[in-house]
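See below for the structure under consideration.
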Amino acid sequence: MPYDRTRTGGTPVAATDSTGDEIRGTVQGSAPVPLSVLDLVTVGAGRTATDALRTSVEIARLTESRGFHRYWVAEHHSMPGVASSSPAVILAHLAAHTDRIRLGSGGVMLPNHAPLVIAEQFGTLEALAPGRIDLGLGRAPGTDGATAAALRRSDQLNEGADDFPQQLAELTRFLDDDFPDGHPYRRIHAVPGPVQATSPGGVQSPHRPPVWLLGSSGFSARLAGMLGLPFAFAHHFSAQNTLPALDLYRQSFRPSEVLDAPYALIGVAALATDEEREARRQVRAAALNMVRLRMGRPGLVPTPEEAEAHEFSPMEEEFVRSWNANVVHGTVDEVRSGLDDLQKRTGADELMLTSNAHSGDVRLRSYELIADAYGFPTAG
Numbered sequence: 000m001p002y003d004r005t006r007t008g009g010t011p012v013a014a015t016d017s018t019g020d021e022i023r024g025t026v027q028g029s030a031p032v033p034l035s036v037l038d039l040v041t042v043g044a045g046r047t048a049t050d051a052l053r054t055s056v057e058i059a060r061l062t063e064s065r066g067f068h069r070y071w072v073a074e075h076h077s078m079p080g081v082a083s084s085s086p087a088v089i090l091a092h093l094a095a096h097t098d099r100i101r102l103g104s105g106g107v108m109l110p111n112h113a114p115l116v117i118a119e120q121f122g123t124l125e126a127l128a129p130g131r132i133d134l135g136l137g138r139a140p141g142t143d144g145a146t147a148a149a150l151r152r153s154d155q156l157n158e159g160a161d162d163f164p165q166q167l168a169e170l171t172r173f174l175d176d177d178f179p180d181g182h183p184y185r186r187i188h189a190v191p192g193p194v195q196a197t198s199p200g201g202v203q204s205p206h207r208p209p210v211w212l213l214g215s216s217g218f219s220a221r222l223a224g225m226l227g228l229p230f231a232f233a234h235h236f237s238a239q240n241t242l243p244a245l246d247l248y249r250q251s252f253r254p255s256e257v258l259d260a261p262y263a264l265i266g267v268a269a270l271a272t273d274e275e276r277e278a279r280r281q282v283r284a285a286a287l288n289m290v291r292l293r294m295g296r297p298g299l300v301p302t303p304e305e306a307e308a309h310e311f312s313p314m315e316e317e318f319v320r321s322w323n324a325n326v327v328h329g330t331v332d333e334v335r336s337g338l339d340d341l342q343k344r345t346g347a348d349e350l351m352l353t354s355n356a357h358s359g360d361v362r363l364r365s366y367e368l369i370a371d372a373y374g375f376p377t378a379g
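This is the structure in structure tokens:
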């Protein structure tokens with residue numbers, strides 16, 4: 000059934016038709032579903048943000064050549080080990096170094112920004128890489144409360160999350176340039192955007208970035224379902240909520256102009272190495288970084304050697320054990336088996352892999368091994 004705009008104040012229209020062809024990926028090789036990449040632009044100890052961004056370009060080019068479907072960058076703030084505070088800037092850089100892979104935000108934290116600004120940024124990205132841009136949106140701040148207040152110039156943080164559906168509707172109106180007559184924003188236009196097609200001699204791209212909702216709980220799952228939007232769940236840091244959220248999304252789903260059936264991807268922490276011991280070393284170092292973050296001392300991702308020398312308290316050891324239980328890691332055969340099992344258990348339509356390791360070379364090798372394991376096209 001067609002989506003009724005009056006029910007929620009707006010419907011994001013992301014695909015060119017009701018089949019969702021700009022959303023659904025293509026399965027490569029023997030993979031159970033399309034595989035994609037989530038990048039946090041990880042900065043390891045002894046490395047710079049420049050090093051991390053160069054690694055991101057290398058990973059994007061490698062995964063594009065091997066048949067991964069999309070490459071998303073996640074917005075985070077005030078974390079020394081995560082250099083992805085400006086997704087739109089990074090995506091523009093990646094667009095200049097790739098040709099086919101879809102690029103997007105995983106996601107932009109909408110309450111941190113004015114909807115018009117996001118519409119302008121992603122309209123610009125769409126103009127740079129036509130038909131390749133995704134706009135993933137989250138309602139969390141992507142940082143601590145004090146940093147969120149600095150970003151928003153307000154200490155009313157709950158208001159931003161509570162207003163998310165209204166912010167989403169406003170952003171959608173800007174993307175589609177369809178505020179109704181009498182609306183105070185009726186004469187305001189996001190440029191690049193549809194208004195250019197209505198100007199004398201104007202020609203506008205037929206594409207506009209598909210909107211995805213991201214979440215780690217049930218709120219965005221339900222909203223994405225009600226709006227008939229694709230949904231991305233953060234399994235990599237909220238694994239206990241994965242199945243309930245996906246069930247809620249599917250139960251809430253209403254066909255829309257965007258999708259005629261649910262489409263859900265999940266973010267998965269995955270690291271494959273040539274030797275099992277090396278995978279254990281790498282993920283333990285990454286877990287140490289998470290321990291420090293949870294203790295309010297975020298820093299650069301430590302080396303495996305630093306993690307081996309660290310004296311973990313019993314509480315820290317328990318956190319590491321629990322955290323790494325949800326990281327699919329080991330030899331490539333172990334990782335392939337883990338990914339296959341996870342997809343079967345969740346019914347996810349797409350797996351978005353994120354590798355968190357100190358070394359960029361380790362991360363690159365992991366994606367290469369996984370591509371080989373599933374018989375993806377060879378780089379050419």
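For the sequence shown, numbering that gives the first Met the number 0 assigns the number 0 to the initial residue and increments by one for each residue that follows. Glycine included, C-beta positions come from ideal geometry on N, C-alpha and C.
Which listed residue (the options) has its alpha carbon closest to that of residue i
i: H92; options: E119, H75, E57; result: E57
i: D371; options: G24, I22, A30; result: A30
i: W211; options: L363, N355, A233; result: A233
i: T41; options: R249, I369, S358; result: S358
i: M108; options: E367, A168, P86; result: P86
i: D38; options: F375, Y373, T377, M351; result: M351
i: R335; options: L34, S237, T241, G295; result: L34
i: R207; options: R60, T241, I187, G122; result: G122
i: W71; options: S77, S55, G80; result: S55
i: Q166; options: V116, Q195, P205; result: V116
i: E392; options: G45, L247, F375, A285; result: Outside the shown range of the chain (0 to 379) lies residue 392, about which nothing can therefore be said.
i: E326; options: T353, E304, P313; result: The identity of residue 326 in the sequence shown is Val, whereas the question assumes Glu. Considering only alpha carbons, the answer is T353.
i: A308; options: R283, E317, N323; result: R283
i: A82; options: T49, Q281, L170, S216; result: T49
Distance between residue j and residue i (C-alpha atoms, nearest Å)
i: P179; j: A223; result: 23 Å
i: A94; j: R131; result: 9 Å
i: V190; j: E119; result: 6 Å
i: G135; j: G105; result: 5 Å
i: S84; j: A113; result: 16 Å
i: I265; j: S198; result: 41 Å
i: G159; j: M78; result: Because the pLDDT of G159 is 46, which lies under 50, any placement of that residue in the model is unreliable, and the number read from its coordinates should be weighed accordingly. Each residue's alpha carbon lies about 21 Å from the other.
i: F218; j: T47; result: 36 Å
i: H96; j: V88; result: 13 Å
i: A356; j: N288; result: 10 Å
i: L245; j: H235; result: 14 Å
i: A149; j: R276; result: 42 Å
i: F318; j: R293; result: 10 Å
i: G9; j: D20; result: Because G9 sits at a pLDDT of 34, beneath the cut-off of 50, its placement in the model cannot be relied upon, and the following sentence gives the value as read from the coordinates. Between G9 and D20, the C-alpha separation is close to 21 Å.
i: V76; j: G200; result: In the sequence on display, residue 76 carries His and not Val. Going by the C-alpha atoms only, they are around 42 Å apart.
Closer than 8 Å: residue i CB and nearest the ligand NAD heavy atom
i: D348; result: For the ligand NAD, the structure offers nothing, since it holds no ligand at all.
Presumed contact (8 Å Cβ cut-off) between residue i and residue j, rounded CB distance
i: G374; j: G80; result: With a Cβ gap of about 34 Å, G374 and G80 do not count as contacting.
- Task: Counting only runs of 4+ residues fully inside the region 18–61, write out the alpha helix (DSSP H) ranges in chain order.
- Result: none
- Message: Under 8 Å, with one C-beta from each stretch per pair, do the region 67–80 and the region 98–106 reach the 3-pair mark?
- Response: yes
- Task: Decide yes or no for the touch test of the region 222–236 against the region 246–266: beta carbon pairs closer than 8 Å, at least 3 of them.
- Result: yes
- Query: What beta strand (DSSP E) runs, 3 residues minimum, are completely inside the region 183–224?
  - Reply: 210–214
- Query: Are there three or more Cβ pairs, one per stretch, closer than 8 Å when the region 266–276 is compared with the region 363–370?
  - Reply: yes
- Message: Any contact between the region 338–348 and the region 290–305? By contact I mean 3 or more CB pairs, one from each, below 8 Å.
- Response: no
- Contiguous beta strand (DSSP E) assignments of at least 3 residues, all confined to the region 224–278: 230–232, 263–272
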